[in-house]
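Q: Structure incoming, see below.
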Amino acid sequence: MRFRPCIDIHQGKVKQIVGETLQADASKVVENFVSERGADYYASMYREDGLTGGHIIMLGGGNREAAMSALRAYPGGMQIGGGITADNAAEYLNAGASHVIVTSYVFRDGRLQMDNLRKIVSEVGRDKLVLDLSCKERDGKWYVVTNQWTTFSDLEVNEANVRELESYCDEFLIHAVDVEGKREGVQEKLANRLAEWATIPSTYAGGARSLEDLARFREITGGKLDITIGSALDIFGGTLPYREVVDYCDSSRSR
Numbered sequence: 116m117r118f119r120p121c122i123d124i125h126q127g128k129v130k131q132i133v134g135e136t137l138q139a140d141a142s143k144v145v146e147n148f149v150s151e152r153g154a155d156y157y158a159s160m161y162r163e164d165g166l167t168g169g170h171i172i173m174l175g176g177g178n179r180e181a182a183m184s185a186l187r188a189y190p191g192g193m194q195i196g197g198g199i200t201a202d203n204a205a206e207y208l209n210a211g212a213s214h215v216i217v218t219s220y221v222f223r224d225g226r227l228q229m230d231n232l233r234k235i236v237s238e239v240g241r242d243k244l245v246l247d248l249s250c251k252e253r254d255g256k257w258y259v260v261t262n263q264w265t266t267f268s269d270l271e272v273n274e275a276n277v278r279e280l281e282s283y284c285d286e287f288l289i290h291a292v293d294v295e296g297k298r299e300g301v302q303e304k305l306a307n308r309l310a311e312w313a314t315i316p317s318t319y320a321g322g323a324r325s326l327e328d329l330a331r332f333r334e335i336t337g338g339k340l341d342i343t344i345g346s347a348l349d350i351f352g353g354t355l356p357y358r359e360v361v362d363y364c365d366s367s368r369s370r
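So for the sequence shown, the working numbering puts the first residue at 116; every next one is plus one.
Listed below in structure tokens is the structure:
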């Protein structure tokens with residue numbers, strides 16, 4: 116199990132927000148934390164700590180400059196997502212991103228757009244693509260949600276679909292939308308299922324708030340999934356020491 120760091124950028128600033136509140140009306144966005152430091156500061160810290168495979172997420176427009184500063188600070192060390200398409204993906208890879216992350220480009224109008232998925236794979240290669248399966252529970256099943264996590268797609272996140280999508284990407288990033296940004300603990304059933312289904316590197320995001328949560332996550336996933344933590348970390352205004360998380364995950368990998 117690896118700790119995958121994150122940099123979420125909203126309106127040009129590094130923030131931690133409750134994802135479900137991200138709407139066109141910015142006044143309704145619930146912000147857990149707004150940093151006084153730039154995205155490049157966090158990228159440099161992750162580089163110095165030898166953390167790889169983290170992600171930069173651009174939440175809406177007006178974030179390109181901040182994102183580019185982070186890529187310059189840690190070339191080859193982070194993935195980037197948010198508004199990525201086949202037309203602009205190469206720009207971010209050339210700027211230093213290790214991978215591009217896509218959601219809305221391939222999940223549009225409530226459906227998986229296979230033409231767009233094949234197009235971006237053709238443009239950047241499967242080995243540079245991460246699929247973000249942001250999912251929300253409905254009737255005991257999980258479905259990919261889009262349009263700032265407000266619209267259910269018809270794609271169920273299950274073993275068959277996970278295995279099919281694996282042939283098009285290098286990794287998965289899975290946001291547990293129901294708990295993301297709320298610091299309410301990991302969505303255990305989802306994490307357990309993902310560990311059973313996924314055979315490529317996959318990162319879970321949502322709800323982790325303590326070292327006990329990390330230990331529980333490692334137990335229910337068998338260490339097969341990586342994890343990212345945002346709002347709960349002290350570097351983002353929370354109470355969970357970033358340094359302890361880095362040390363814990365490093366020690367768990369050596370067991």
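Each residue gets a CB set at the ideal place from its N, CA and C atoms; glycine is no exception. Values in this document were obtained by computation on a predicted structure and should not be read as measured data.
With a threshold of 8 Å on Cβ separation, who are the neighbours of Tyr357 within its own chain once the five nearest residues in sequence on each side are excluded?
A: By 1-based counting over the sequence shown, the position of residue 357 is 242. Counting only Cβ-Cβ distances below 8 Å, and skipping sequence neighbours, we find Leu348, Asp349, Ile350.
Q: Can you name the residues that DSSP bridges to Gly211?
A: Counting from one through the sequence shown, the residue named residue 211 turns up at place 96. The partner list for Gly211 (beta bridge, DSSP) is empty, contrary to what the question assumes.
Q: Measuring CA to CA, which of Ser325, Gly337, Arg333 is closest to Ser346?
A: In the sequence shown, the residue the question calls residue 346 occupies position 231. Considering only alpha carbons, the answer is Ser325.
Q: Would you give the residue range spanned by the beta strand (DSSP E) that Lys256 belongs to?
A: Within the sequence shown, numbered from 1, the residue matching residue 256 stands at position 141. Counting along the chain, the beta strand (DSSP E) containing Lys256 begins and ends at 256-261.
Q: Taking Ala204 and Val215 to be in contact with their CB atoms under 8 Å, please state how far apart those CB atoms are, rounded to whole angstroms.
A: One-based indexing of the sequence shown puts residue 204 at position 89. One-based indexing of the sequence shown puts residue 215 at position 100. Rounded, the Cβ-Cβ distance is 5 Å, consistent with contact.
Q: Is it buried or exposed, Ser366, if we count other Cβ atoms within 10 angstroms and call 16 or more buried?
A: One-based indexing of the sequence shown puts residue 366 at position 251. Exposed is the call here.
Q: In the DSSP assignment, find the unbroken alpha helix (DSSP H) run with Arg253 in it and report its ends.
A: As a position in the sequence shown, residue 253 is number 138, starting the count at 1. Per DSSP, Arg253 belongs to no alpha helix (DSSP H); it is in the beta strand (DSSP E), 250-253.
Q: Per DSSP, what are the beta-bridge partners of Ile124 in this structure?
A: Taking the sequence shown and counting its residues from 1, one reaches residue 124 at position 9. Ile124 pairs with Val129, Met173.
Q: Which residue marks the beginning of the beta strand (DSSP E) containing Ser317, and which one marks its end?
A: Translated into positions along the sequence shown, residue 317 becomes position 202. Segment 317-320, the beta strand (DSSP E) holding Ser317.
Q: What number of angstroms, rounded off, separates the C-alpha of Val259 from the C-alpha of Gly353?
A: For this step, residue 259 is matched to residue 144 along the sequence shown. For this step, residue 353 is matched to residue 238 along the sequence shown. Distance between the alpha carbons of Val259 and Gly353 is about 28 Å.
Q: Could you work out which residue in Arg331, Ser213, Lys234, Leu305 is closest to Asp293 when comparing CA atoms only?
A: As a position in the sequence shown, residue 293 is number 178, starting the count at 1. The candidate whose alpha carbon is nearest that of Asp293 is Leu305.
Q: Can you find the residues in the same chain that come closer than 8 Å, C-beta to C-beta, to Ala291, ignoring five residues on each side of it along the sequence?
A: Mapped onto the sequence shown, residue 291 falls at position 176. So the qualifying residues of the chain are Cys250, Val301, Gln302, Leu305, Ala306, Tyr319, Ala320, Gly321, Gly322.
Q: Fully enclosed by the stretch 287-365, which beta strand (DSSP E) runs are 3 residues long or longer?
A: Entirely contained in the stretch 287-365, the beta strand (DSSP E) runs reaching 3 residues are, in chain order, 317-320, 341-343.
Q: Which residues does DSSP pair with Gly196 in a beta bridge?
A: The residue given as residue 196 occupies position 81 in the sequence shown. Gly196 is bridged to Ile172, Ile216.
Q: Does the beta-carbon distance from Lys243 to Ala201 come in below 8 Å?
A: Locating residue 243 in the sequence shown gives position 128, counting from the first residue. Locating residue 201 in the sequence shown gives position 86, counting from the first residue. Contact flag unset, no.
Q: Hey, Ser159 and Ala188 are a contact pair by Cβ (cut 8 Å); roughly how many whole angstroms apart?
A: To locate residue 159, count along the sequence shown from 1; it is residue 44. To locate residue 188, count along the sequence shown from 1; it is residue 73. That pair is a contact at about 5 Å.
Q: Give the single residue among Arg162, Asp230, Glu180, Trp312 whose Cα lies nearest to the Cα of Ala275.
A: In the sequence shown, the residue the question calls residue 275 occupies position 160. The candidate whose alpha carbon is nearest that of Ala275 is Trp312.
Q: By how many angstroms is the C-alpha of Val145 removed from the C-alpha of Ile132?
A: Here residue 132 refers to the residue found at position 17 when the sequence shown is read from its first residue. Here residue 145 refers to the residue found at position 30 when the sequence shown is read from its first residue. Cα-Cα distance, rounded: 6 Å.
Q: For Glu146, does the three-state DSSP call read helix, strand or coil?
A: Within the sequence shown, the letter at position 31 stands for residue 146. The answer is strand: DSSP assigns Glu146 an E or B state.
Q: Sort out for me which residues DSSP pairs Glu271 with in a bridge.
A: Sequence index remark: in the sequence shown, residue 271 carries index 156 (1-based). Tyr258, per the DSSP bridge assignment.
Q: On a Cα-Cα basis, can you pick out the residue from Gly197, Ile122, Val149, Glu327 that is closest to Arg162?
A: In the sequence shown, counting from the first residue as 1, residue 162 sits at position 47. Looking at the Cα atoms, Ile122 is the closest of the given residues.
Q: Tell me the DSSP bridge mates of Leu244?
A: For the purposes of this step, residue 244 is taken as the residue at position 129 of the sequence shown. DSSP lists Val215 as partners of Leu244.
Q: CA-CA distance, His125 and Thr261?
A: One-based indexing of the sequence shown puts residue 125 at position 10. One-based indexing of the sequence shown puts residue 261 at position 146. Between His125 and Thr261, the C-alpha separation is close to 17 Å.
Q: Mind checking whether Gly211 and Gly191 have CB atoms under 8 Å apart?
A: By 1-based counting over the sequence shown, the position of residue 211 is 96. By 1-based counting over the sequence shown, the position of residue 191 is 76. Against a cut-off of 8 Å, the Cβ pair of Gly191 and Gly211 comes out as a contact.
Q: I need the DSSP call for Arg233, collapsed to helix, strand or coil.
A: Position 118 of the sequence shown, counted from the start, is the residue given in the question as residue 233. If DSSP states are grouped into helix, strand and coil, Arg233 belongs with the helices.
Q: Between Asp341 and Met116, how many whole angstroms is the CB-CB distance? I'm expecting something under 8 Å.
A: Stepping through the sequence shown from its first residue, residue 341 is reached at position 226. Stepping through the sequence shown from its first residue, residue 116 is reached at position 1. With a Cβ gap of about 6 Å, Asp341 and Met116 count as contacting.
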